[in-house]
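Report on the structure given below.
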Amino acid sequence: MKRLLFVFVAILLLAGCGNTPKETVKEDPMQEEIEKEKQKAQEKIDNEEETEEMSVEDREKLNNDIKEKAVEYDYMELFRNEVAEGEFVKFTGEASQITKEGILGEFALEINLEKTKAPVSITDITMDDSIEIEIGKKYTVYGMFMGREDKKAPKIAANVIEESK
3 MKRLLFVFVA ILLLAGCGNT PKETVKEDPM QEEIEKEKQK AQEKIDNEEE
53 TEEMSVEDRE KLNNDIKEKA VEYDYMELFR NEVAEGEFVK FTGEASQITK
103 EGILGEFALE INLEKTKAPV SITDITMDDS IEIEIGKKYT VYGMFMGRED
153 KKAPKIAANV IEESK
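Here you go:
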(Lines of atoms letter the chains of each structure in order from A and count residues from 1; the text may use other names and numbers.)
(Lines give C-alpha, C1' and ligand atoms only; values in the text may rest on other atoms or scores of the structure.)
Protein backbone atom coordinates (compact mmCIF):
# COMPACT_ATOMS: atom_id res chain seq x y z
CA MET A 1 0.00 0.00 0.00
CA LYS A 2 2.91 2.31 0.79
CA ARG A 3 4.32 1.58 -2.61
CA LEU A 4 1.05 2.42 -4.30
CA LEU A 5 0.83 5.68 -2.37
CA PHE A 6 4.47 6.43 -3.22
CA VAL A 7 3.86 5.78 -6.96
CA PHE A 8 0.73 7.95 -6.89
CA VAL A 9 2.58 10.86 -5.22
CA ALA A 10 5.46 10.49 -7.69
CA ILE A 11 3.04 10.67 -10.62
CA LEU A 12 1.45 13.79 -9.17
CA LEU A 13 4.81 15.44 -8.67
CA LEU A 14 5.95 14.61 -12.17
CA ALA A 15 2.67 15.81 -13.62
CA GLY A 16 2.95 19.07 -11.68
CA CYS A 17 6.52 19.64 -12.87
CA GLY A 18 5.76 18.78 -16.46
CA ASN A 19 6.01 21.05 -19.43
CA THR A 20 3.35 23.69 -19.31
CA PRO A 21 2.36 24.94 -22.73
CA LYS A 22 3.34 28.53 -23.37
CA GLU A 23 0.49 30.87 -23.95
CA THR A 24 0.39 31.69 -27.61
CA VAL A 25 -0.70 35.13 -28.50
CA LYS A 26 -3.33 34.74 -31.10
CA GLU A 27 -4.03 37.88 -33.09
CA ASP A 28 -7.62 38.60 -33.77
CA PRO A 29 -8.25 38.11 -37.51
CA MET A 30 -10.56 41.12 -37.45
CA GLN A 31 -7.76 43.25 -36.02
CA GLU A 32 -5.48 42.14 -38.88
CA GLU A 33 -8.16 43.09 -41.41
CA ILE A 34 -8.62 46.48 -39.77
CA GLU A 35 -4.87 47.13 -39.92
CA LYS A 36 -4.78 46.14 -43.61
CA GLU A 37 -7.69 48.46 -44.38
CA LYS A 38 -5.97 51.31 -42.52
CA GLN A 39 -2.81 50.77 -44.57
CA LYS A 40 -4.79 50.69 -47.83
CA ALA A 41 -6.63 53.87 -46.90
CA GLN A 42 -3.39 55.67 -46.03
CA GLU A 43 -1.79 54.54 -49.31
CA LYS A 44 -4.83 55.79 -51.21
CA ILE A 45 -4.63 59.18 -49.48
CA ASP A 46 -0.91 59.40 -50.26
CA ASN A 47 -1.54 58.51 -53.92
CA GLU A 48 -4.36 61.05 -54.22
CA GLU A 49 -2.10 63.79 -52.86
CA GLU A 50 0.57 62.91 -55.44
CA THR A 51 -2.04 62.75 -58.21
CA GLU A 52 -3.53 66.08 -57.19
CA GLU A 53 -0.12 67.75 -57.31
CA MET A 54 0.52 66.38 -60.79
CA SER A 55 -2.98 67.00 -62.02
CA VAL A 56 -2.81 70.80 -61.68
CA GLU A 57 -0.42 70.98 -64.62
CA ASP A 58 -2.18 68.17 -66.44
CA ARG A 59 -5.56 69.82 -65.89
CA GLU A 60 -4.33 73.09 -67.41
CA LYS A 61 -2.98 71.23 -70.43
CA LEU A 62 -6.23 69.29 -70.78
CA ASN A 63 -8.30 72.48 -70.53
CA ASN A 64 -6.19 74.16 -73.22
CA ASP A 65 -6.58 71.10 -75.47
CA ILE A 66 -10.36 71.14 -74.98
CA LYS A 67 -10.54 74.86 -75.77
CA GLU A 68 -8.55 74.27 -78.98
CA LYS A 69 -10.72 71.31 -80.06
CA ALA A 70 -14.05 72.90 -79.13
CA VAL A 71 -16.23 74.05 -82.01
CA GLU A 72 -18.81 76.79 -81.51
CA TYR A 73 -22.30 75.70 -82.56
CA ASP A 74 -25.50 77.69 -82.54
CA TYR A 75 -28.36 76.67 -80.30
CA MET A 76 -30.46 75.05 -83.05
CA GLU A 77 -27.63 72.70 -84.05
CA LEU A 78 -27.38 71.55 -80.44
CA PHE A 79 -31.17 71.35 -80.06
CA ARG A 80 -31.61 69.24 -83.21
CA ASN A 81 -28.81 66.86 -82.15
CA GLU A 82 -26.82 67.79 -85.26
CA VAL A 83 -23.72 67.59 -83.09
CA ALA A 84 -22.29 64.18 -82.22
CA GLU A 85 -22.49 63.24 -78.57
CA GLY A 86 -19.03 63.40 -77.03
CA GLU A 87 -17.86 66.19 -79.34
CA PHE A 88 -16.18 69.18 -77.71
CA VAL A 89 -18.28 72.31 -78.05
CA LYS A 90 -18.13 75.96 -77.11
CA PHE A 91 -21.28 77.75 -76.01
CA THR A 92 -21.90 81.26 -74.73
CA GLY A 93 -25.03 82.35 -72.91
CA GLU A 94 -26.49 84.14 -69.92
CA ALA A 95 -26.86 82.22 -66.65
CA SER A 96 -30.59 81.94 -66.01
CA GLN A 97 -30.97 79.22 -63.42
CA ILE A 98 -28.71 77.52 -60.88
CA THR A 99 -29.93 74.05 -59.95
CA LYS A 100 -26.92 72.97 -57.91
CA GLU A 101 -23.91 75.07 -56.86
CA GLY A 102 -20.21 74.23 -56.62
CA ILE A 103 -18.19 71.46 -58.16
CA LEU A 104 -20.44 69.16 -60.19
CA GLY A 105 -23.02 71.91 -60.01
CA GLU A 106 -25.72 72.38 -62.60
CA PHE A 107 -27.00 75.54 -64.17
CA ALA A 108 -28.62 76.79 -67.36
CA LEU A 109 -27.26 79.20 -69.95
CA GLU A 110 -29.84 80.92 -72.14
CA ILE A 111 -29.69 82.78 -75.40
CA ASN A 112 -32.38 84.92 -76.97
CA LEU A 113 -33.87 83.07 -79.89
CA GLU A 114 -36.31 85.25 -81.80
CA LYS A 115 -39.15 85.79 -79.29
CA THR A 116 -38.15 83.16 -76.76
CA LYS A 117 -35.26 82.22 -74.54
CA ALA A 118 -33.49 78.97 -75.33
CA PRO A 119 -31.71 77.18 -72.46
CA VAL A 120 -28.75 74.81 -72.51
CA SER A 121 -28.21 72.66 -69.41
CA ILE A 122 -24.62 72.83 -68.10
CA THR A 123 -22.96 70.43 -65.66
CA ASP A 124 -19.83 71.89 -64.07
CA ILE A 125 -17.08 69.24 -64.19
CA THR A 126 -14.21 71.72 -63.90
CA MET A 127 -13.17 70.37 -60.46
CA ASP A 128 -12.33 73.97 -59.67
CA ASP A 129 -14.47 76.18 -57.47
CA SER A 130 -12.71 79.42 -58.41
CA ILE A 131 -15.61 80.67 -60.56
CA GLU A 132 -18.99 81.29 -59.00
CA ILE A 133 -21.95 81.34 -61.36
CA GLU A 134 -24.26 84.32 -60.94
CA ILE A 135 -27.66 84.67 -62.58
CA GLY A 136 -27.71 87.36 -65.24
CA LYS A 137 -23.99 87.17 -66.07
CA LYS A 138 -22.71 85.90 -69.39
CA TYR A 139 -20.46 82.81 -69.51
CA THR A 140 -18.65 80.79 -72.14
CA VAL A 141 -18.33 77.07 -71.53
CA TYR A 142 -16.08 74.56 -73.24
CA GLY A 143 -16.92 70.94 -72.82
CA MET A 144 -18.45 67.76 -74.13
CA PHE A 145 -21.86 67.72 -75.78
CA MET A 146 -24.03 65.20 -73.95
CA GLY A 147 -27.01 65.24 -76.31
CA ARG A 148 -30.64 65.77 -75.37
CA GLU A 149 -33.01 63.61 -73.41
CA ASP A 150 -36.60 63.51 -74.66
CA LYS A 151 -37.68 67.04 -75.52
CA LYS A 152 -35.43 68.74 -72.98
CA ALA A 153 -32.66 71.26 -73.42
CA PRO A 154 -29.29 70.22 -74.85
CA LYS A 155 -26.67 69.25 -72.25
CA ILE A 156 -22.99 70.15 -72.00
CA ALA A 157 -20.51 68.78 -69.45
CA ALA A 158 -18.30 71.86 -69.03
CA ASN A 159 -14.58 71.35 -68.43
CA VAL A 160 -13.84 75.08 -68.71
CA ILE A 161 -16.13 77.93 -67.64
CA GLU A 162 -15.16 81.53 -68.29
CA GLU A 163 -17.03 84.72 -67.59
CA SER A 164 -17.76 86.59 -70.84
CA LYS A 165 -18.04 90.32 -71.34
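Everything in the sequence shown is counted per this note's numbering, starting at 3 for the first residue and increasing by one.
Where a beta carbon is used, it is the ideal one built from N, C-alpha and C, also for glycine.
Source: prediction; values computed, not measured.
Check your understanding: Nearest-angstrom Cα distance between S98 and E62?
Key -> So the two alpha carbons sit approximately 28 angstroms from each other.
**Study point:** For G95 and Y144, believed in contact at Cβ under 8 angstroms, the rounded distance
**Key:** Not a contact, Cβ separation roughly 13 angstroms.
Exercise for review: Can you tell me the Cβ-Cβ gap for E165 and K139, rounded? I've got them flagged as a contact below 8 angstroms.
Suggested key: E165 to K139, Cβ: 6 angstroms. Contact.
Practice item. Using only alpha-carbon positions, find the residue among I137, N65, K157 and V91 that is nearest to D130. Key: Checking every option, the nearest Cα to that of D130 belongs to N65.
Check your understanding: Of the choices N114, F109, E151 and E103, whose alpha-carbon is the least far from that of N83?
Key -> The alpha carbon of N83 has as its nearest neighbour, out of N114, F109, E151 and E103, the alpha carbon of E151.
Exercise for review: Counting only runs of 4+ residues fully inside the region 52–111, write out the alpha helix (DSSP H) ranges in chain order.
Suggested key: Unbroken alpha helix (DSSP H) stretches of 4 residues or longer found wholly inside the region 52–111: 77–81, given in chain order.
Practice item. Go ahead and pull the three-state DSSP assignment for I13. Key: If DSSP states are grouped into helix, strand and coil, I13 belongs with the helices.
**Study point:** E45 (DSSP reduced to helix, strand or coil)
**Key:** Helix, per DSSP.
Check your understanding: What residues match up with T125 in a beta bridge as DSSP calls it?
Key -> Note: T125 sits in a beta bridge opposite E108 and A159.
Practice item. For Y75, I'd like the list of residues in its chain whose CB is within less than 6 angstroms of its CB, leaving aside the five on either flank, ordered along the chain. Key: The residues are V85 and V91.
Check your understanding: Is it the case that the Cβ atoms of D126 and F109 are separated by a distance below 9 angstroms?
Key -> When the beta-carbon positions are compared, D126 and F109 come within less than 9 angstroms of each other.
Practice item. Determine the closest residue to P121 out of Q44, L106, G107 and Y77, with distance taken between C-alpha atoms. Key: Comparing Cα positions, the closest option is Y77.
Check your understanding: Which value, in whole angstroms, describes the spacing of the CA atoms of G124 and Q41?
Key -> Correcting the residue type first, residue 124 is Ile in the shown sequence and not Gly. The alpha-carbon atoms of I124 and Q41 are separated by roughly 39 angstroms.
Check your understanding: Roughly how many whole angstroms lie between the Cα atoms of V58 and K117?
Key -> Roughly 43 angstroms separates the two Cα atoms.
Check your understanding: Secondary structure at E116, three-state DSSP: helix, strand or coil?
Key -> Coil, per DSSP.
**Study point:** For E164, three-class secondary structure by DSSP
**Key:** Strand at E164.
Check your understanding: Can you name the residues that DSSP bridges to G145?
Key -> According to DSSP, which records beta bridges pairwise, G145 is partnered with V91 and A160.
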